[in-house]
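>
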Amino acid sequence: PNQFVPVALNGALIGSTTIAKTELRGVESCGMICSSIELGFPKINDGILELDESVGELVLGKELNEYAPFNTHVLEISLTPNRGDCLSVLGIAREVSAFYHTPLKPIKALNFTPKSDLITLSVGENIESHLAYYLIYNHSLKTPLNIKLSLAHNNALSENDLNNFIEFSTHFSGVIMNAYSLNKTPMDLSVKNDENNLESVYINHQKRSTIAIKHQVQKDLSEFLLLEASYIDPISLSLKLHALKDKTLQKDNALIYRSARGSNPNLSDGLNFLSAHLKATILESKQTEHSLKDRTLTFQLEDITEILGLAVEKEKIQSILKNLGFKVSTKEPNSKPQILEVIAPNFRHDIKTIQDIAEEILRFVGIDNLISKPLNCVSSKNSNPHYDTHRFFENLKHKALACGFKEVIHYVFYSKEKQQKLGFEVLEDPLELQNPITTDLNTLRTSLVCGLLDASLRNKNLGFKSIALYEKGSVYNSKREEIQKLGFLASGLQKKESYPNAKGKAWDFYSFAECVSKVIGDFSLEKLTAQTPINHPYQSAKIIQNNEIIGVIAKIHPKVIQELDLFESYYAEIDASKLKRHAMLLKPFSIYPSSVRDLTLIIDENTAFSRIKKALKDAQIPNLSEILPLDIFKESDNAIALSVRCVIHSLEKTLNDEEVNSAVQKALEILEKEFNARLKG
């Protein structure tokens, strides 16, 4: 009697079925009584859906869609793991309230007068949990339909009515709730660590639950209930569970999920909400004494601007944060820049740093309102000059290895007599070693070449025919001043006997110079003015780089080769301090074809090509980009025929014959004026 149920009348569409008038067991049927599943809702029970006053005033014949629970929207919200405060209806409502600037209706606080003194609460040392209790009676444990529907949508509906009320209170308020069935006798309620060092609740010395991890299901209910609201720091809980990961624990994964992500620490919200829905009388309340500490952050407005890349007004920042429940105040109002002090609400466990504050502001400002601009990033130089120098010479060494040179290392001591014989300078007598190790190592070396020659001879005696050596080390001048130099030596074959070079390919001056240039960079050569016994008189030169003499390159004199019993050899010795580490410079290049003109000049045989090249470069002839030597012939007693190539091109256009010939003519005029040169007729 007085039972209200939903009925689908003739013509109603249930799923894909249209209800039609029919006859069942000889009785005319004008509709169908429905279950929750048939109406498209989650399963509430196994039979017909029974309506109650929780959905509204029940009026016979009233359309079902006129009742709010059957005419609403169901929102499924996916949360990021750090937003445990939104794992409740209250948490989502707080966000909506802040976004739309509407006041949030608080959970109504219950006014009651304690009527008993049955509970003795004791808390052990080092207990971090926050707990609050209500002792109640005269409660109603029949789950209303609106609560059943809400829990069914969340797959949390059970057959235990008390569990349904607890689950719904947690779902709505975000507070972790629990309940214990009690007799009306004085009780000893204690909170202490169990055998696994997990905080647990004991009633009359009997363990009843593990806080935030496992709650016991209450089946045989008595007249009195002890309602419990709890909170534990999510980080502390996670660390404890991680420490016990190898142990088998009784635990409720859904409960741990809520607790480890941060539940609502406002325990009175959960207790008041649950007590109100149970329609209970409150006899007594207890709670732990320690309270949560405020999390205070101090920052300047410029800090937010720097993080977001967007200037937000102070008033807007304060408005957003206050709507979210933050307490905002200006610290030292007259200071510039102004400093804001923010106290995060205790339910916002994710707010730890100023970056979290900036993220909250960005959510309400809108990421689409950020102006796209490149990051202004200036990296500081972490290296030092000594490391840069080390890396520079390491790179040179790797280049030398790539060109086939093997690194060698020798003592800084050498024979004074051998150095003098090869024409190298020696230390002044007062600066000589006073107590040399041996007579063969009686002075400091003034060149790397001597050691390289000794190494070449040893390799020849070991049967090697292709020898290429590299060394970096210290040498000393006659004043005993230390200088860092690089030494290169090539001896014997450049390429071993192998097809198509059946007899191998010997080193020559220009191939050796090319290999050295691959290591130290491009350079030019000028004739040596002073000759030494070790140098070939016609195949030796100064190495010029950046208009500075940096070393010597030469073929070793045949007499020295014969005396030392060496293969034909070439060496280069370079002052390491004069090698420059220039920054890479980009230069434009012409996309237009270049023109080439080959000229054969009759010129004095004592005129160095370097002088010719310098004269043409200094003249700055338009469009003349390069001049190269090609060949040389003996013309007469004091003259030679020098073939050179002029490369002519423009960065702006393709040159015509007239412009090319003009550049060549200007070059000839300069050569005739400076060197009395003429074209070979």
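Residue numbers are given in full-length UniProt numbering: position 326 of the sequence shown equals residue 326, and the series is strictly consecutive.
Idealized CB from N, CA, C, for every residue including glycine.
1) Only counting the same chain, and skipping five residues up and downstream in sequence, which positions put a Cβ closer than 7 Å to that of LEU244?
2) Opposite residue 685 in the DSSP bridges: which residues?
3) Can you tell which of ILE357, ARG581, ILE307 and LEU624 has the C-alpha that lies nearest to the C-alpha of ASN376?
4) Buried or exposed: ASN656, going by 16 or more other Cβ atoms within 10 Å of its Cβ?
5) Could you have a look at SER372 and say whether DSSP puts it in helix, strand or coil?
6) Enumerated in chain order, which unbroken segments of the alpha helix (DSSP H) with a length of 4 residues or greater are wholly contained in the stretch 467-500?
7) Report the partner residues of THR443 according to the DSSP bridge assignment.
8) Since I believe ILE44 is in contact with VAL5 (beta carbons under 8 Å), could you give me their beta-carbon distance rounded to a whole number of angstroms?
9) Measuring alpha carbon to alpha carbon, tell me which residue in ALA576, LEU121, PHE675 and LYS336 is nearest HIS205.
10) For the candidate residues LEU225, ASN155, LEU51 and SER54, whose alpha-carbon lies nearest to that of GLU76?
11) Step through the CB atoms of chain C and report whether any lies within less than 8 Å of the CB of ALA576.
12) Have a look at PHE172 and VAL89 and give me their C-alpha separation to the nearest angstrom.
13) Classify ASN382 as helix, strand or coil using the three-state DSSP reduction.
14) Which value, in whole angstroms, describes the spacing of the CA atoms of ARG597 and LEU525?
15) From LEU9 to SER169, what does the alpha carbon distance come to, in whole angstroms?
16) Are the beta-carbon atoms belonging to GLU284 and SER129 less than 8 Å from one another?
17) Just to check, is the beta-carbon of LEU121 closer than 7 Å to a non-hydrogen atom of the ligand ZN?
18) Could you check what DSSP says for THR389 in three-state terms: helix, strand or coil?
19) So what does DSSP say about PHE675, is it helix, strand or coil?
20) What are the partner residues of TYR180, as DSSP defines its beta bridges?
21) Would the stretch 554-562 and the stretch 609-626 be scored as touching if the rule is three or more Cβ pairs under 8 Å?
22) In three-state terms, what does DSSP make of THR170?
23) Could you tell me if ASN334 is buried or exposed, where buried requires 16 or more neighbouring beta carbons within 10 angstroms of its beta carbon?
24) Quick check on the burial criterion: 16 or more other C-beta atoms within 10 angstroms. Buried or exposed for ASP266?
25) Does DSSP put VAL449 in a helix, a strand or coil?
26) Are three or more beta carbon pairs between the stretch 471-484 and the stretch 503-514 nearer than 8 Å?
27) So what does DSSP say about LEU162, is it helix, strand or coil?
28) Give me the DSSP bridge partner(s) of PHE408.
29) How big is the Cα-Cα spacing for LEU110 and THR281?
30) From SER329 to ASP356, what distance separates their C-alpha atoms?
31) Can you give me the C-alpha to C-alpha distance between LYS286 and SER319, rounded to a whole angstrom?
32) Cutting at 6 Å between CB atoms, please list the residues of its own chain near PHE675, excluding the five before and the five after it.
33) Around the Cβ of ASP85, are there at least 16 other Cβ atoms within 10 angstroms (buried) or fewer (exposed)?
34) Could you please give the first and the last residue of the uninterrupted alpha helix (DSSP H) stretch that includes VAL365?
35) CA-CA distance, ILE351 and GLY124?
36) Report the residue from PRO588, SER643, ALA641 and LEU599 whose alpha carbon sits nearest the alpha carbon of GLU652.
In terms of the structure at hand:
1) Taking the first residue of the sequence shown as 1, we reach residue 244 at position 244. Taken in chain order, the residues that qualify are ASN196.
2) Since the displayed the chain opens at 1 and closes at 681, residue 685 lies outside it and no answer follows.
3) One-based indexing of the sequence shown puts residue 376 at position 376. When C-alpha distances from ASN376 are compared across ILE357, ARG581, ILE307 and LEU624, the shortest belongs to ILE307.
4) The residue labelled residue 656 in the question sits at position 656 within the sequence shown. Exposed, by the Cβ-count rule.
5) Against the sequence shown, residue 372 aligns to sequence position 372. It is coil, neither helix nor strand.
6) Listed in chain order, there is nothing to give.
7) The residue given as residue 443 occupies position 443 in the sequence shown. Beta-bridge partners of THR443 (DSSP): TYR414.
8) Sequence index remark: in the sequence shown, residue 5 carries index 5 (1-based). Sequence index remark: in the sequence shown, residue 44 carries index 44 (1-based). Not quite, the Cβ-Cβ distance comes to about 12 Å (not below 8 Å), so this is no contact.
9) Here the question's residue 205 lines up with position 205 in the sequence shown. Of ALA576, LEU121, PHE675 and LYS336, the smallest CA-CA separation from HIS205 is found for LEU121.
10) Locating residue 76 in the sequence shown gives position 76, counting from the first residue. Ranking the options by Cα distance to GLU76, first place goes to ASN155.
11) Protein chain content of the structure displayed is limited to a single chain, and chain C is not contained in it.
12) Sequence index remark: in the sequence shown, residue 172 carries index 172 (1-based). Sequence index remark: in the sequence shown, residue 89 carries index 89 (1-based). Between the alpha carbons of PHE172 and VAL89 lies a gap of roughly 5 Å.
13) One-based indexing of the sequence shown puts residue 382 at position 382. It is coil, neither helix nor strand.
14) Reading the sequence shown from its first residue, position 597 is the one you call residue 597. Reading the sequence shown from its first residue, position 525 is the one you call residue 525. Cα-Cα distance, rounded: 24 Å.
15) Locating residue 9 in the sequence shown gives position 9, counting from the first residue. Locating residue 169 in the sequence shown gives position 169, counting from the first residue. About 36 Å.
16) Residue 284 sits at position 284 when you count from the first residue of the sequence shown. Residue 129 sits at position 129 when you count from the first residue of the sequence shown. Taking 8 Å as the Cβ cut-off, GLU284 and SER129 do not qualify as a contacting pair.
17) Absent from the structure shown: the ligand ZN. Ligands present: none.
18) Along the sequence shown, one-based indexing puts residue 389 at 389. In this structure, THR389 counts as helix in the three-state DSSP scheme.
19) Stepping through the sequence shown from its first residue, residue 675 is reached at position 675. PHE675: helix per DSSP, three-state reduction.
20) The residue you call residue 180 lines up with position 180 of the sequence shown. Residue pairing of TYR180 in beta bridges, as defined by DSSP: LEU226.
21) Short answer: they don't touch.
22) Residue mapping note: residue 170 aligns to position 170 of the sequence shown, counting from 1. Helix at THR170.
23) Mapped onto the sequence shown, residue 334 falls at position 334. Its Cβ having fewer than 16 others within 10 Å, ASN334 is exposed.
24) Walking along the sequence shown from the start, residue 266 turns up at place 266. Correcting the residue type first, residue 266 is Asn in the shown sequence and not Asp. The residue in question, ASN266, is buried, as its Cβ has 16 or more Cβ neighbours within 10 Å.
25) The residue you call residue 449 lines up with position 449 of the sequence shown. In the structure shown, VAL449 adopts helical secondary structure according to DSSP, grouped into three states.
26) The stretch 471-484 vs the stretch 503-514: no contact.
27) Indexing the sequence shown from 1 puts residue 162 at position 162. LEU162 falls in the helix class under three-state DSSP.
28) Here residue 408 is taken as the residue at index 408 of the sequence shown, counted from 1. Note on identity: in this sequence residue 408 is Val, with Phe being the wrong assignment. Assignment of beta-bridge partners to VAL408 by DSSP yields no partner.
29) Locating residue 110 in the sequence shown gives position 110, counting from the first residue. Locating residue 281 in the sequence shown gives position 281, counting from the first residue. One C-alpha to the other measures close to 10 Å.
30) Walking along the sequence shown from the start, residue 329 turns up at place 329. Walking along the sequence shown from the start, residue 356 turns up at place 356. Rounded to whole angstroms, the gap between the alpha carbons of SER329 and ASP356 is 18 Å.
31) Sequence index remark: in the sequence shown, residue 286 carries index 286 (1-based). Sequence index remark: in the sequence shown, residue 319 carries index 319 (1-based). Their backbone Cα atoms lie some 37 Å apart in a straight line.
32) Here the question's residue 675 lines up with position 675 in the sequence shown. Closer than 6 Å at the Cβ level, and outside the excluded window around PHE675, lie ILE603 and THR607.
33) Position 85 of the sequence shown holds residue 85. It counts as buried.
34) Here residue 365 is taken as the residue at index 365 of the sequence shown, counted from 1. Per DSSP, VAL365 is one residue of the alpha helix (DSSP H) stretching across 354-365.
35) Position 351 of the sequence shown holds residue 351. Position 124 of the sequence shown holds residue 124. Answer to the nearest angstrom: the Cα atoms are 30 Å apart.
36) Translated into the one-based positions of the sequence shown, residue 652 becomes position 652. Closest in alpha carbon position to GLU652, among PRO588, SER643, ALA641 and LEU599, is PRO588.
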